[in-house]
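Below is one structure; the comments refer to it alone.
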Amino acid sequence: MNLLYLIVLFPLIGYLLLVFFHNFWSQKLVNFIGIGSIGLSALSTIFVAVEFFTTEQQHFYQELWSWIYVENFNIKINFFLDGLSLTMISVITGIGLLIHIFSSWYMFDQEGYSRYFAYTNLFIASMLILVLADNFMLMYLGWEGVGLCSYLLIGFYYNNVKNGKAALKAFIVTRIGDVFLAFALFIIYNEFNTLNISELIKFSLLDCAKFHHSILELAVLMLLAGAIGKSAQFPLQVWLPDAMAGPTPVSALIHAATMVTAGVYLIARTHNLFLLAPQILNLVAIIGAITLIISSCSALVQTDIKRILAYSTMSQIGYMFLALGVQAWHAAIFHLMIHAFFKALLFLAAGSLILSCHHEQNIFKMGGLRKKIPFIYFCFLVGGSSLTALPVLTAGFYSKEQILVATLVDGHICLTITGLIGALLTSLYTFRLIFIVFHGEQKINADAIKSFTHHFPLIVLLVLSTFLGIFIIQPLIKVLPQNNFSDAGGMILATISSLITIFGVLLSKWLWLDKHKSFIYISNSILGRFFSSFWFVGFGFDWLYDKIFVKTYMRITCLLQHDPLNSLMNLPVLISKISNRGLLISQNGYLRWYIASMSIGAILILALMLLYNN
1 MNLLYLIVLF
11 PLIGYLLLVF
21 FHNFWSQKLV
31 NFIGIGSIGL
41 SALSTIFVAV
51 EFFTTEQQHF
61 YQELWSWIYV
71 ENFNIKINFF
81 LDGLSLTMIS
91 VITGIGLLIH
101 IFSSWYMFDQ
111 EGYSRYFAYT
121 NLFIASMLIL
131 VLADNFMLMY
141 LGWEGVGLCS
151 YLLIGFYYNN
161 VKNGKAALKA
171 FIVTRIGDVF
181 LAFALFIIYN
191 EFNTLNISEL
201 IKFSLLDCAK
211 FHHSILELAV
221 LMLLAGAIGK
231 SAQFPLQVWL
241 PDAMAGPTPV
251 SALIHAATMV
261 TAGVYLIART
271 HNLFLLAPQI
281 LNLVAIIGAI
291 TLIISSCSAL
301 VQTDIKRILA
311 YSTMSQIGYM
321 FLALGVQAWH
331 AAIFHLMIHA
341 FFKALLFLAA
351 GSLILSCHHE
361 QNIFKMGGLR
371 KKIPFIYFCF
381 LVGGSSLTAL
391 PVLTAGFYSK
401 EQILVATLVD
411 GHICLTITGL
421 IGALLTSLYT
431 FRLIFIVFHG
441 EQKINADAIK
451 SFTHHFPLIV
461 LLVLSTFLGI
471 FIIQPLIKVL
481 PQNNFSDAGG
491 MILATISSLI
501 TIFGVLLSKW
511 LWLDKHKSFI
521 YISNSILGRF
531 FSSFWFVGFG
541 FDWLYDKIFV
551 KTYMRITCLL
561 QHDPLNSLMN
571 LPVLISKISN
581 RGLLISQNGY
591 LRWYIASMSI
601 GAILILALML
611 LYNN
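The sequence shown begins at 1 in the UniProt record's numbering and counts up by one.
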C-alpha cells in the first residue's frame, strides 16, 4: 500500500502545474497533464485494489506527517484504506477519468480551458482526501475543498451574473451544512477526546454507556446536517438545481463522482455512531423519503434538460438516504456506485445533445432527434432505463430493488410505498424527457458528432449502466454491517416495482407522446397550473428562504451599516476634530477678533466678581 498517497498526489500535481504554467502551454499539453494526472491516479487505484484483494489484511494505514500538534491535540496526515474507501476512490478516479476525457472534447477551444482542468483536478484531489482521511480533521479539509471547487466550477462562466449568483448560492447553502459538521467535530472531540475515525468506532462499540447519550445524539444530528447540506437533501436541497450553471461535464462530476455522494459516504463511514442514535437514523430515512418525492415532482414539470437531471440526482440520493435510514448500508453504497454510472452517462449525453442543438437546453424546443443523433438517443435510452430501474436488463433495477426490499423487511411500509411512488414518478419524468426530445416532430437541427474522446467515455458508461455493471465487486462485508434482507416478499415486491415502472413508461408515452386531450385539459386547469407552477419552483423553498433568511439578513445589515459600537469608538476622534476647529477659529490672525475676545473675557470676569461680592 505504499502507492496509496500517489492516488491523491497526481491530481494535486496536475492542479499546481496547470495553475502556475497555464499561460505557456498549448491545449494538447493541458490535455496531457489534466487527463494524465487523473489517469495515473486511476492506475494507482488499480494497483492498490489488486494488492488489497490479494492480501488478507482488510485495513491499511499510510502515515505521512504530523499536521497539527498542540499538547494532546495531535492531527496527522494519514490515509486509511478499507473496502468502503476503496469503493469510493474507484468510483471517483474511474468516473472522473471518463469525465476528463469527455471534457477534452466538450471544452475544446473554449476560454479558460486550462483553468477548467486545474479546477477539476483539485476537485478530484479534494474528494480523494475526503474519503481516504483517517481522521475527521483531514476529512474536513477535503470536505471544504470540494465545496470550494464546486463554487469555482459552477461559476466557471463568470461573465454571466446569473452563474456567479448560482455559485454563491451553492457555496452559502453548503456552508450551512459545513458549520453543523464543524459543531459535530467539536462535540465528538470534547466527548471522545479523539478525531480518529477508527478509534471512534472502537469507542462506540466497546463502551458507549459512559458517554452522555443526549450529547451523542446531538453530535450525530450535526453529522446528519452536514451530510444533507453536501448531498442536497431536504431542507438544504435548493442549491443543486442552480448548480447547472457550470459546464455540463462539471455537472456530471458533481452528481456522479464527487460532491453529492460525500454526505452518503459520511453517514456510512460513521454508521456506528448513527446506530447509537436510532431516532436520528430514522430521521435519515424520513429526509430521504421527503427529498425523493419533492424532487421527483419538480423534475416532472421542468423544461431545462439539465435541471431535470439535477432533480433526478436529488431523488436518487434520497433513495440512498432511505437505505441508510433502514440500515441497508450495502444497498446504499451499491446504489451510489450504480447511480454514478448512469448519471454520468446521462449528463455527458446531455452535454453532447446541448452542443449538437447549438446550446439549446429547453426540451420543448427539441423533438424528433433520434434519427439525427442515434448514438446519443441510445445513451439516453440506456441511462434513462437504468435511472427508472427497468427490470432485469439495467443495473439500476438491482440496486434500487435492494433498497425497496430493505425498507419492507425492516417493517417500514410507509417508506416502501414512498419508494414505489418515487419509482413511478422517476419513470414518468425520465421518459417524458426522452419522448419529447427524441420522438415526435423535429423542431431543431442537430449535428451528429464523431470523435473518440466523445464516444469512448459514453460507451464505457453505457455498458456499466446495463446489468453488466452489477458484477463489479464491492468489498464491504467486513466494513459495514451485513443485514440479511432476503425475504419471501422480495420477489413479489420486485415484480410490483417492475410493473409500476413499466406502467410509468407507458403512461408517459400516453401523456406526452400521444398528447391526449384529457391530459391537456387537466394540465390547463386552475389546479393543474397551480401544481405545475408550484413544482416548477421546487415547492417554493427558494421563495421561503428568501423571505425568512435573505430578506431578514439584509434588513439587519441595513440597520447595522452605521455600526453603533464603531461610532462610539470614533467619539474621541470626533471630539478632537471639534476641539481642533475651535482652536483654529480662535487663532485666525485678525486684530479685531483678539480685541473683541479680550473685551468679552474682561466683561465676564468683572461680572463674575460682582456676582461673587454680592
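Backbone N, C-alpha and C define an ideal beta-carbon position, used for all residues, glycine too.
Note that the structure is a prediction, hence the values are computed from the model and not measured.
| query | result |
| --- | --- |
| Relative to the C-alpha of L128, which residue among V91, M320, T495 is closest? | V91 |
| Using the three-state DSSP reduction, which class does N282 fall into: helix, strand or coil? | helix |
| A219: which of H271, A243, E401, T261 sits nearest, CA to CA? | H271 |
| Starting from I605 and walking both ways along the alpha helix (DSSP H), at which residues does that stretch end? | 591-613 |
| In this structure, what does DSSP give as the bridge partners for A133? | F79 |
| Between I101 and the rest of its own chain, which residues show a CB-CB distance below 8 Å, the 5 nearest in sequence each way excluded? | I35, T453, F456, P457 |
| Got a sec, what are the start and stop residues for the beta strand (DSSP E) F60 sits in? | 60-70 |
| Answer with buried or exposed for I436, where buried requires no fewer than 16 other C-beta atoms within 10 angstroms of its C-beta. | buried |
| Strictly by DSSP, which residues pair up with T418? | Looking at the DSSP assignment, T418 forms no beta bridge with any residue, so it has no partner. |
| Please report the straight-line C-alpha distance between I421 and L17, rounded to a whole angstrom. | 49 Å |
| So N190 is in the alpha helix (DSSP H); what residue range does that whole segment cover? | 161-192 |
| Tell me the DSSP bridge mates of T270? | Its beta-bridge partners do not exist; DSSP assigns none. |
| Considering only the alpha carbon of each residue, which of S385, F60, A125, V50 lies closest to L9? | A125 |
| Would you say the region 533-545 touches the region 284-299, given that touching needs at least three Cβ pairs under 8 Å? | yes |
| Rounded to the nearest angstrom, how far is the Cβ of K343 from that of T313, given a contact under 8 Å? | 6 Å |
| Give me, in chain order, the residues of the same chain whose beta-carbon lies closer than 6 Å to that of F375; leave out the 5 immediate sequence neighbours on both sides. | none |
| Should Q57 be labelled buried (16 or more other beta-carbon atoms within 10 Å of its own) or exposed? | exposed |
| Going by other Cβ atoms of all chains shown within 10 Å of its Cβ, with 16 needed for buried, is S85 buried or exposed? | buried |
| Where does D546 fall in DSSP's three states? | helix |
| Can you give the beta carbon distance from S66 to N72, rounded, assuming they're within the 8 Å contact cut? | 13 Å between Cβ atoms; not a contact. |
| Return the chain-ordered list of same chain residues with a C-beta closer than 7 Å to the C-beta of G94, the five sequence neighbours on each side being excluded. | A42 |
| Rounded to whole angstroms, what is the Cα-Cα separation between residue 666 and V19? | This structure cannot speak to residue 666, because the chain is shown only from 1 to 614. |
| By Cβ distance, which residues of its chain are closer than 7 Å to C149, with the 5 residues on each side in sequence left out? | Y119, L122, F123, S126 |
| Where does the unbroken alpha helix (DSSP H) through G36 begin, and where does it stop? | 27-54 |
| By a C-beta neighbour count over all protein chains shown, 10 Å radius and 16 as the cutoff for buried, is F471 buried or exposed? | exposed |
| Would a C-beta distance cut-off of 7 Å place L428 and G528 closer than the cut-off? | no |
| In whole angstroms, what separates the C-alpha of G14 from that of C414? | 48 Å |
| Could you pull the start and end residues of the alpha helix (DSSP H) that M244 belongs to? | Neither: M244 is in no alpha helix (DSSP H) and is coded neither H nor E. |
| Between the alpha carbons of G419 and S465, how many angstroms are there, rounded? | 21 Å |
| Can you name, in chain order, every residue of its own chain whose Cβ lies under 7 Å from the Cβ of R307, other than the five neighbours on each side? | P241, M244 |
| F234 and I293: beta carbons closer than 7 Å? | no |
| Using only the alpha-carbon positions, how far apart do K509 and L224 sit? | 39 Å |
| Measure the alpha-carbon distance for S385 versus K400 and round it to whole angstroms. | 12 Å |
| When you compare only the Cα positions, how much space is there between L266 and S352? | 33 Å |
| Identify the continuous alpha helix (DSSP H) that holds W329 and give its terminal residues. | 329-356 |
| By the DSSP assignment, the alpha helix (DSSP H) with H455 in it spans what residues? | 452-465 |
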